[in-house]
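*Asks:* Following this message is one structure expressed as structure tokens.
There are 2 protein chains.
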Amino acid sequence: MKSSEQIFIEFYEKERKALDIKFKKVFKEKKPASLYEPSAYIIENGGKRLRPILVLLSCMAAGGDKNKAVNAAIAVEILHNFTLVHDDIMDNAPKRRGLPTLHNKYDLSTAILAGDNLIAFAYQYLLKDCLDNDKQVIATFTKGIVEICEGQSLDKVFEVKKDVTIEEYMLMIKKKTAALIEICCSIGAQIAKGEKKDIANLSKFGLYLGLAFQIQDDLLDIFGNEKEFGKTVGGDLIEGKKTYLFIKAFEKAKGKDKQKLESVIKNKGVAKEDVPSYKELYIKLGVIDEANKEIVKYTSKALNSIKSLKNSEAIELLNSLANSLIKRNK
Amino acid sequence: MKSSEQIFIEFYEKERKALDIKFKKVFKEKKPASLYEPSAYIIENGGKRLRPILVLLSCMAAGGDKNKAVNAAIAVEILHNFTLVHDDIMDNAPKRRGLPTLHNKYDLSTAILAGDNLIAFAYQYLLKDCLDNDKQVIATFTKGIVEICEGQSLDKVFEVKKDVTIEEYMLMIKKKTAALIEICCSIGAQIAKGEKKDIANLSKFGLYLGLAFQIQDDLLDIFGNEKEFGKTVGGDLIEGKKTYLFIKAFEKAKGKDKQKLESVIKNKGVAKEDVPSYKELYIKLGVIDEANKEIVKYTSKALNSIKSLKNSEAIELLNSLANSLIKRNK
């Protein structure tokens, strides 16, 4: 008999491949090439496809046919890619998924414009899967975009703000990262025409999963392997981002350690060669353990939210997915 | 008795003032301030409010109650402002409506993000006025955004393309400028639940009006008064834009005149102090007259499209509006 992990991996790989084929078609032969070649570049260059698969699984979990949510799944991935393109500009990120970022490969105007157009394309795909509950689905989606922008704005403000608390950080990642994962689950359940409480529970699952996901991302930024992670290791420190690790470390540090962290704020980031010394400091201050504990806590909260759903196959798959995210290295 | 021009001016001013009050509330007290202060800055800083008023007038013209289209009117103005914010980044524009552009007053990240969020806010307002024909209205709106992005992409490509034809230019302005004016008219008529042919005729009106509007804008860029126009005079030439005037002049010029125009392409623009000499060249080559003829031609086409509509009051107002645009100086 197959283990539930095996079943999950097979399900995920099958859906991911099917989605990848669809992503190759989204911008195919569209004109002008000046807009659609870069769009294809970003959407076809891999990624985990976590968000669209969450739409499909949430649709199943709420009692729906996942095939009816495929366009909505494509929509959330397009939207996610919009956030990557524009965030990479704002973060001066040179690489994404091991390849040059869009503004780096093309130019600033192309990246701004391709990102804008991705938003509209996301709506076009979403509209394909809306039935008689369009308005609710589109409103959820739209509210998500507003939250993402608010979260990104807070993230930028925090880069130059001295005293960011963990509460402020949690609000920021709730908006910047968790909101999109939440809408994936909510929209999947809405398209399934799930019961109100099931939609609410799946939304909560997405929210908690998103919080765990972002804290894990903060860890991977500094502890990930550059090749697997595909981004510059320590990019958050280089950009002076107030991550979970930084804020916790800043709370706990004293004396010279505190000064070392204060210099990050003062200099709005660190040089690439200084990243390893901050990694050591984080370990010494015990903030890695704390981050791991938070990841486990929010993952448990996520899983508790979907216990009562009826579709046991989908619950099992969502369980495996949540656990696989804890172990991820990219 | 009041002239139809007086009636139009009074109608326009009344609606513009009512809209301005509403625009002041859109982002009021919203947080984070880092996102919403810049949003308020751009939406509150005037502008003609042409597009929202077209939504209201089209709603009336198709037999609807304009009060039911107010949120849709707000939506198109928010969307319009998104295009201004992002285009100004791409065009390196220092001023807009006589004030610093958003990226100039704040920074690049803020301008990108505020623009993104404006798109989502536009959808939020649009959703407020959608009844049981949401899907059609939202699809029209979304298709418009795609066209705007495609048009802007063509505009950027044309900056470095040597041989842009008038046909290519017309396709570009149809997408970049006319598409939004077209959706204003289409959405207004759709919200009115107008007859299919009335929606189509009003859309056509918007399209032709948009073409006339953009050619007029090309003229104003170089013949406008900086104070009234609010933008840097000659900005299109400085940025090396392929405007109607430039393309026509390039077609007609010979010898030294041709070389002068070729140098704009070669140098990707001209210095500010050289703008007056190009103005003279345009006059000498007769392209100003040609542009004015095109403006009159498309305005007539626009007005012919709405002759058969039933609401004579709205037709009269749309007539006056179209004629006022020909005479505008900003």
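Chains A and B, in that order, are what the protein sequence lines are. Sequential numbering of the first sequence, starting at 1, is according to this note's numbering. Sequential numbering of the second sequence, starting at 1, is according to this note's numbering. Every residue gets a Cβ at the ideal spot worked out from N, C-alpha and C, and that includes glycine. These numbers come from a predicted model, not from an experiment.
1) Relative to the C-alpha of B/Phe246, which residue among B/Lys231, B/Lys256, B/Glu262 and B/Gly255 is closest?
2) Would you mind stating whether B/Asn92 and B/Glu316 have Cβ atoms separated by less than 8 Å?
3) Are the C-beta of A/Pro94 and some C-beta of chain B separated by less than 8 Å?
4) In this structure, what does DSSP give as the bridge partners for A/Lys95?
5) Does the region 141 to 161 of chain B come close enough to the region 169 to 180 of chain A that 3 or more CB-CB pairs lie under 8 Å?
6) Excluding sequence positions up to five away, which residues of its chain have a Cβ less than 6 Å from the Cβ of B/Thr110?
7) Please list, in chain order, the chain A residues whose beta carbon lies closer than 7 Å to that of B/Lys135.
8) Cβ closer than 8 Å: which chain A residues qualify as neighbours of B/Ala139?
9) Would you call the CB atoms of A/Ala122 and A/Ile89 closer than 8 Å?
10) Helix, strand or coil: how does DSSP classify A/Met1 here?
11) Suppose only complete runs of 3+ residues qualify. What are the beta strand (DSSP E) ranges in the region 38 to 77 of chain B, listed by chain order?
12) Please list the terminal residues of the continuous alpha helix (DSSP H) segment that includes A/Pro276.
13) For B/Asn45 and A/Asp218, what's the separation of their Cα atoms in angstroms?
14) In chain order, which continuous runs of the alpha helix (DSSP H) of length 4 or greater are located wholly inside the region 168 to 211 of chain B?
15) Is the distance from the Cβ of B/Ala192 to the Cβ of B/Ala302 below 8 Å?
16) Spell out whether any CB of chain B is found under 8 Å from the CB atom of A/His80.
17) Does the region 200 to 211 of chain B touch the region 66 to 85 of chain B, meaning 3 or more C-beta pairs lie closer than 8 Å?
18) Which value, in whole angstroms, describes the spacing of the CA atoms of B/Ala69 and A/Asp236?
19) Should B/Val85 and B/Ala40 be called a contact, given that it needs their Cβ atoms to be closer than 8 Å?
20) Do the CB positions of B/Gly188 and B/Leu19 come within less than 8 Å of each other?
21) Give the range of the alpha helix (DSSP H) segment to which B/Ser320 is assigned.
22) By the criterion of Cβ-Cβ separation under 7 Å, what are the contact partners of B/Leu35 in chain A?
23) Whole angstroms is fine: what's the gap from A/Lys260's alpha carbon to A/Lys241's?
24) Does A/Ala72 get closer than 8 Å to chain B when you measure Cβ to Cβ?
25) Ignore the nearest five residues each way along the sequence and tell me which others in A/Asp198's own chain have a CB closer than 7 Å to its CB.
26) 8 Å is my cut-off, CB to CB: does B/Met170 come that close to chain A?
27) Just reading off the alpha helix (DSSP H) that A/Leu237 is part of, what are its end residues?
28) Out of A/Lys266, A/Leu325, A/Leu127 and A/Phe223, point me to the one whose CA is closest to A/Val287's CA.
29) At which residues does the alpha helix (DSSP H) containing A/Asn117 begin and terminate?
30) Around the Cβ of B/Val26, are there at least 16 other Cβ atoms within 10 angstroms (buried) or fewer (exposed)?
31) Does any C-beta atom of chain A lie closer than 8 Å to the C-beta of B/Lys193?
32) Along chain B, which residues have their Cβ under 7 Å away from the Cβ of A/Val160?
33) Say the cut is 7 Å; is the CB of B/Leu285 nearer than that to a heavy atom of the ligand FMN?
34) Beta-carbon within less than 7 Å of B/His80's beta-carbon, same chain only, minus the 5 sequence neighbours each way: which residues are those?
35) Taking CB distances under 8 Å as the criterion, tell me whether A/Asn117 reaches chain B.
*Replies:* Per the coordinate set shown:
1) B/Glu262
2) no
3) no
4) A/Pro100
5) no
6) Pro38
7) Leu127, Cys130 and Asp134
8) Gln124 and Leu127
9) no
10) coil
11) none
12) Val275 to Leu285
13) 39 Å
14) 179 to 191
15) no
16) no
17) no
18) 45 Å
19) no
20) no
21) Ser312 to Lys327
22) Cys149, Glu150 and Ser153
23) 15 Å
24) no
25) Ala62, Ala189 and Leu309
26) no
27) Gly235 to Ile238
28) A/Phe223
29) Leu108 to Lys128
30) buried
31) no
32) Per Cβ cutoff of 7 Å: no residues; A/Val160 is ~10 Å from chain B at best.
33) The model depicted lacks the ligand FMN and carries no ligand whatsoever.
34) Arg51 and Leu180
35) yes
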